[in-house]
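**Student:** After the structure tokens below, expect a handful of questions from me.
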Amino acid sequence: MIYNFVEIIRIGSNKMNTQFPPSLFNWCQKIPLNTNERPSWDEYFLLMAFMVSRRSSCLRTKVGAVIVKDKDTISTGYNGAPNLQKSCLELGKCYRNDNEIISGTQLESCRASGSHAESNAIALAAKNGHSTADATLYLYGHNFVCNMCRGIISNAHIKRVVHLKQDGKIEEIDVRNQWDTNILDQ
Numbered sequence: 001m002i003y004n005f006v007e008i009i010r011i012g013s014n015k016m017n018t019q020f021p022p023s024l025f026n027w028c029q030k031i032p033l034n035t036n037e038r039p040s041w042d043e044y045f046l047l048m049a050f051m052v053s054r055r056s057s058c059l060r061t062k063v064g065a066v067i068v069k070d071k072d073t074i075s076t077g078y079n080g081a082p083n084l085q086k087s088c089l090e091l092g093k094c095y096r097n098d099n100e101i102i103s104g105t106q107l108e109s110c111r112a113s114g115s116h117a118e119s120n121a122i123a124l125a126a127k128n129g130h131s132t133a134d135a136t137l138y139l140y141g142h143n144f145v146c147n148m149c150r151g152i153i154s155n156a157h158i159k160r161v162v163h164l165k166q167d168g169k170i171e172e173i174d175v176r177n178q179w180d181t182n183i184l185d186q
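Numbering of the sequence shown is given in UniProt numbering, commencing with residue 1 and proceeding in unit increments.
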């Protein structure tokens, strides 16, 4: 039996006992499959970011990041507890859920504090000796980039962020021209 990509994702999601996000499912259906067309590079790397997000150990939100330079993947990252620390998945509970902390607030009260997908991808690139200067970061899984990650992305000299949000909309960010002001001053 031959499956298209969307069917493979649907079957894989069922086997993994996870739900494929409807907004991403709808977005995937727009990608050419049985023609001579190919997905754009942005679509290709955003799908990769989705797959990376499935490795997340967060019980609340699965986020994946892929850093690409000259169409080569140089690093990936997902959100979860830092090395040497137990994750919410391992513990079977989420501190933020248990204490009813609103998403996007009190980020220091999270086991993934300092280990967001974006910062993990940048740290892994550095660990492996890959420059992130002038690279593009592809991101899937949440609706905004936190202020800490914005700073880390800027300091890593990443020039562009392509962000597939939870509602299926894609935001393209020119880091140098759009993040030149701290969000506190906007």
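The C-beta atom is built at its ideal place from N, Cα and C for all residues, glycine as well.
Model, not experiment: these values are computed from the prediction.
(1) Looking at the unbroken beta strand (DSSP E) that takes in residue 127, where does it start and where does it end?
(2) Hey, which unbroken runs of the beta strand (DSSP E) at 3 residues or more fall wholly within the UniProt domain "CMP/dCMP-type deaminase" (40-180)?
(3) Kindly indicate which residue of 170, 150, 113, 164 has the alpha-carbon position closest to the one of residue 177.
(4) By a C-beta neighbour count over all protein chains shown, 10 Å radius and 16 as the cutoff for buried, is residue 111 buried or exposed?
(5) Within 10 Å of its beta-carbon, does residue 133 have 16 or more other beta-carbons around it, so buried, or fewer, so exposed?
(6) Pairs of beta-carbons, one from the segment 151-169 and one from the segment 127-142, closer than 8 Å: are there three or more?
(7) Within 10 Å of its beta-carbon, does residue 77 have 16 or more other beta-carbons around it, so buried, or fewer, so exposed?
**Tutor:** If we stick to the structure as given:
(1) That residue, residue 127, is in no beta strand (DSSP E); its alpha helix (DSSP H) goes 117-127.
(2) 64-69, 72-78, 136-140, 160-164, 170-174
(3) 150
(4) buried
(5) exposed
(6) yes
(7) buried
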